[in-house]
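Asks: In our numbering, the protein residues as written are 19 to 284.
Before I ask anything, let me first share the structure, which is written out below as structure tokens.
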Amino acid sequence: HQQQEQQQQQQQQERHAVHLSTHPHQGLLLPIDPDPPLLCRPHPGVLPVQPGECEWVGPGVLLHTGPVWDSSSVGADVEKAGGVAGVRELLTRALRGPLLPAQQQQVLSALEADPKLVHRLGVGPRHLPALVEHTPVIAYELLLRLMRGPQIQAFLSVLAHTCMSLHSMEVVNRLTTAVDLPTDFVHLYISNCISSCENAQDKYVQNRLVRLVCVFLHSLIRNRIVNIADLLHEVQSFCINFSRIKEAAKLFRLLKAAQAGLEPGS
19 HQQQEQQQQQ
29 QQQERHAVHL
39 STHPHQGLLL
49 PIDPDPPLLC
59 RPHPGVLPVQ
69 PGECEWVGPG
79 VLLHTGPVWD
89 SSSVGADVEK
99 AGGVAGVREL
109 LTRALRGPLL
119 PAQQQQVLSA
129 LEADPKLVHR
139 LGVGPRHLPA
149 LVEHTPVIAY
159 ELLLRLMRGP
169 QIQAFLSVLA
179 HTCMSLHSME
189 VVNRLTTAVD
199 LPTDFVHLYI
209 SNCISSCENA
219 QDKYVQNRLV
229 RLVCVFLHSL
239 IRNRIVNIAD
249 LLHEVQSFCI
259 NFSRIKEAAK
269 LFRLLKAAQA
279 GLEPGS
């Protein structure tokens, strides 16, 4: 009789074990928490990069640093001119003040040696006003090489609204003779120059700005870079307001000659 009871208990335990294997959740003493607590775990460490392995650079690495430059893609001529790092260092100095003639020539030589170098220097539209004022020659060369780039509209927009100066006029004047600039940009820049003259408070500064603008417009009209009919009324009004200045009176006569269909040089 005892043997039968033992056999029954053993069979019962086996059936219970089989039931737990097919329904494991029913054998737990505690209910399953649908929102288990978050446990603090240390971040996995980064193994050192072995020779021959590719090192991945994530956005977090670049968050507080500058771009990572590929020096292997730089030509030998650029390396002779100081390399990408050397050119970038000189451009950083140019944002703070003028460069020495030898330093300017170093940057120009590097740009001439590698036409695609301008896209690896990290120069953006926000850097343009400082470069125009401190190194207009370099600013012109950079813009000339960025003309077919995707950011050229942003660069021209900044240039059109840059504070008027002799250097900014020099850059724009050289660009107008080298490439076909958008008509909207040229008109906007001229309007900005006229507004700068009208808003100048100091008479000496105002007279100097008016002379610069007159010479600039005279060059654009004689070289047939702008269609004077599009700006006739605005420029005529400018000349009349500052008729006391010799250059403005001379520009007014040129406008009248162009309006009458006469040769500007006659």
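A virtual CB, placed ideally from N, CA and C, is assigned to each residue, including glycine.
All figures in this text were calculated on a predicted structure; none of them were measured in a lab.
1) Find the nearest neighbour of GLN171 within the set PHE203, ARG114, ALA128 and ASP198, judged by alpha-carbon distance.
2) According to DSSP, simplified to helix, strand and coil, what is HIS61?
3) So for GLU71, helix, strand or coil by DSSP?
4) Looking at C-beta atoms only, is the number of pairs between the region 265-276 and the region 227-243 that lie closer than 8 Å three or more?
5) If you draw a straight line from the alpha carbon of VAL150 to that of GLN219, how long is it in whole angstroms?
6) Near VAL141, what residues of its chain come up, given a Cβ to Cβ distance below 7 Å and the 5 sequence neighbours on each side ignored?
7) Can you tell me which of the three DSSP states ASP248 falls into?
8) How about LEU113 and HIS137: are their beta carbons less than 8 Å apart?
9) Report yes if the C-beta distance between LEU129 and ARG163 is below 8 Å; otherwise report no.
10) Which value, in whole angstroms, describes the spacing of the CA atoms of CYS181 and ALA131?
11) Pick helix, strand or coil for GLN254, following the three-state DSSP scheme.
12) Would you call ARG106 buried or exposed, if buried means 16 or more other Cβ atoms sit within 10 Å of its Cβ?
13) Going by DSSP, what residue range makes up the alpha helix (DSSP H) through PRO154?
14) Which same chain residues end up closer than 6 Å to PHE256 when comparing Cβ atoms and leaving out the 5 residues on each side of it in sequence?
15) Going residue by residue through the region 207-241, where are the continuous alpha helix (DSSP H) segments of at least 4 residues, counting only ones entirely within it?
16) Does DSSP put GLN270 in a helix, a strand or coil?
17) Could you please give the first and the last residue of the uninterrupted alpha helix (DSSP H) stretch that includes PRO200?
18) Buried or exposed: where does HIS82 fall if 16 or more other Cβ atoms within 10 Å of its Cβ makes it buried?
19) What do you get for ALA157, buried or exposed, if any count of 16 or more other CB atoms within 10 angstroms of its CB means buried?
Replies: With the given structure in hand:
1) Relative to GLN171, the option among PHE203, ARG114, ALA128 and ASP198 whose CA is nearest is PHE203.
2) When secondary structure is reduced to three states using DSSP, HIS61 falls in the coil class, being assigned neither helix nor strand.
3) Collapsing the DSSP output to three states places GLU71 in coil.
4) Result yes; three or more Cβ-Cβ pairs closer than 8 Å.
5) If you draw a straight line from the Cα of VAL150 to the Cα of GLN219, it comes to about 24 Å.
6) Contacts found: LEU109 and LEU160.
7) Helix, per DSSP.
8) Taking C-beta atoms as the reference points, LEU113 and HIS137 fail to come closer than 8 Å.
9) Against a cut-off of 8 Å, the Cβ pair of ARG163 and LEU129 comes out as a contact.
10) Rounded to whole angstroms, CYS181 to ALA131 spans 32 Å at the Cα level.
11) In this structure, GLN254 counts as helix in the three-state DSSP scheme.
12) Its Cβ being crowded by 16 or more others within 10 Å, ARG106 is buried.
13) Per DSSP, the unbroken alpha helix (DSSP H) holding PRO154 starts and ends at 154-163.
14) Answer for PHE256: ILE212, listed in chain order.
15) Qualifying alpha helix (DSSP H) stretches, in chain order: 221-240.
16) The residue asked about is misnamed: residue 270 is Phe in this sequence, not Gln. In this structure, DSSP gives PHE270 a helical state, which the three-state scheme calls helix.
17) PRO200 -> no alpha helix (DSSP H), and no H or E assigned at all.
18) At HIS82 the pLDDT is 46, less than 50, meaning the model places this residue with poor confidence and gives no usable figure here.
19) So ALA157 ends up on the buried side.
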